[in-house]
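Novice: FYI, in this note's numbering the residues of the sequence shown are 1 to 245.
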Amino acid sequence: MITRRLLTLAAVLTLPGLALTSGGATAQPLPRQSPINVTATALRADWPLTPLRIDYRSSEVSLAYVSRDGDCTTRGEEETEQATVEPGAGSVALSGVRYDLVQFHFHTPSEHRFAGLATPMELHLVHRDAAGHLLVIGVPLTVGGPSTVDTVLRTLASECGQPVPVGRIALNDLLPTQRASLRYDGSLTTSPFTEGVRWVLMREKHVEAATVARFQALFADGNARQPQPLNGRTIHIEPAGPISP
Ligand SMILES: [Zn+2]
């Protein structure tokens, strides 16, 4: 089963049906919820997309438990470990609009699926523009060698406890080195499930097995929303991925 789980973005991008799906799809005024299951038939190769530019620097980071129920021992599925960054330390730009990185957090198992398959965890980097619009970068996390994600999750914050100082990290190291990505319009994956969220799904990043085990021990029942219907949405492919300065 481990090898099946590795069938993620890279595999979907090479599925044989991909070339037949470009063009032709129309948007429908139906609910646009997240997460989704990424399937080959929903992919649309209408390149080039407007480039997404990523400007991630280094930041002091602290990790806190986000409680939804106020109960210090019950793990809710909408709760998570959330990291805050220094204002202005990370931003992305799309079509001339700047979105600042406001926080990043984690889910287990992954919320997005690729050809029906989940990864053990998923990282969400949440950005907001001056008007309050959201852009979220999703990174599937698979078990492998150590990464900066392991540094962030070395000590988990307890519910109702104090935030855990992580120290200074290079935010760019939270992203995969290969930057091919998918984009679609969706929603928050927790209440109130607000739509109009721009999603960018990247290739997987490695984390150590011990990190996954530690996180899954805290969220024994998981903290991921189930995939939602696509309702005719298309998923746009950006083979070159976002641009970093
Ligand atoms: Zn999330």
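Cβ coordinates follow ideal geometry from the N, Cα and C atoms, glycine included.
Grouping DSSP H, G and I as helix and E and B as strand, with all else coil, what is asparagine 37?
Specialist: Position 37 of the sequence shown, counted from the first residue, corresponds to residue 37. Reduced to three states, the DSSP call for asparagine 37 is strand.
Novice: Assuming proline 31 and asparagine 231 are in contact, meaning their beta carbons sit under 8 Å apart, how far apart are those beta carbons, in whole angstroms?
Specialist: Stepping through the sequence shown from its first residue, residue 31 is reached at position 31. Stepping through the sequence shown from its first residue, residue 231 is reached at position 231. Correct: roughly 6 Å between the Cβ atoms.
Novice: Which ranges would you report for the beta strand (DSSP E) in the segment 165 to 233 if only whole runs of at least 3 residues count?
Specialist: Within the segment 165 to 233, the complete beta strand (DSSP E) runs of at least 3 residues are 181 to 187, 195 to 202, 205 to 207.
Novice: Tell me which same chain residues have a C-beta within less than 6 Å of the C-beta of glutamate 77, skipping the five on either side of it?
Specialist: As a position in the sequence shown, residue 77 is number 77, starting the count at 1. If we look at glutamate 77 and ignore the five residues flanking it on each side, its Cβ neighbours are Asn223.
Novice: Any heavy atom of ligand 1 inside 7 Å of the beta-carbon of threonine 189?
Specialist: One-based indexing of the sequence shown puts residue 189 at position 189. Checking the Cβ of threonine 189 against ligand 1 gives yes.
Novice: Decide if the segment 157 to 165 is in contact with the segment 139 to 148; the criterion is three or more beta carbon pairs, one per stretch, under 8 Å apart.
Specialist: No, they do not touch.
Novice: By how many angstroms is the C-alpha of alanine 89 removed from the C-alpha of serine 181?
Specialist: Counted from its first residue, the sequence shown places residue 181 at position 181. Counted from its first residue, the sequence shown places residue 89 at position 89. Rounded to the nearest angstrom, the two C-alpha atoms are 22 Å apart.
Novice: Compute the minimum distance between the beta carbon of histidine 246 and the heavy atoms of ligand 1, and state whether it is under 7 Å.
Specialist: With the chain running from 1 to 245 in the structure shown, residue 246 is simply not present.
Novice: By alpha-carbon positions, which one of Pro48, Asp221, Pro120, Arg203 ends up nearest to leucine 175?
Specialist: Against the sequence shown, residue 175 aligns to sequence position 175. Looking at the Cα atoms, Arg203 is the closest of the given residues.
Novice: Can you tell which of Trp199, Ile243, Thr39, Ser91 has its C-alpha closest to the C-alpha of leucine 171?
Specialist: Locating residue 171 in the sequence shown gives position 171, counting from the first residue. Taking only the C-alpha atoms, the option nearest leucine 171 is Ser91.
Novice: Say the cut is 7 Å; is the CB of histidine 247 nearer than that to a heavy atom of ligand 1?
Specialist: For residue 247 there is no data in the structure shown, the boundaries of the chain being 1 and 245.
Novice: Could you spell out where the beta strand (DSSP E) holding threonine 80 opens and where it closes?
Specialist: As a position in the sequence shown, residue 80 is number 80, starting the count at 1. Per DSSP, threonine 80 belongs to the beta strand (DSSP E) from 80 to 84.
Novice: Which stretch, first to last residue, makes up the beta strand (DSSP E) that contains aspartate 281?
Specialist: Because residue 281 is not part of the residues shown, which for the chain are 1 to 245, the question remains open.
Novice: With C-beta atoms as the reference, is leucine 125 less than 8 Å away from leucine 101?
Specialist: What you label residue 125 is simply residue 125 of the sequence shown in a count that begins at 1. What you label residue 101 is simply residue 101 of the sequence shown in a count that begins at 1. Result yes, Cβ atoms of leucine 125 and leucine 101 sit closer than 8 Å.
Novice: In or out: histidine 127 buried (at least 16 other Cβ within 10 Å) or exposed?
Specialist: On the sequence shown, position 127 is the one that residue 127 refers to. Classification for histidine 127: buried.
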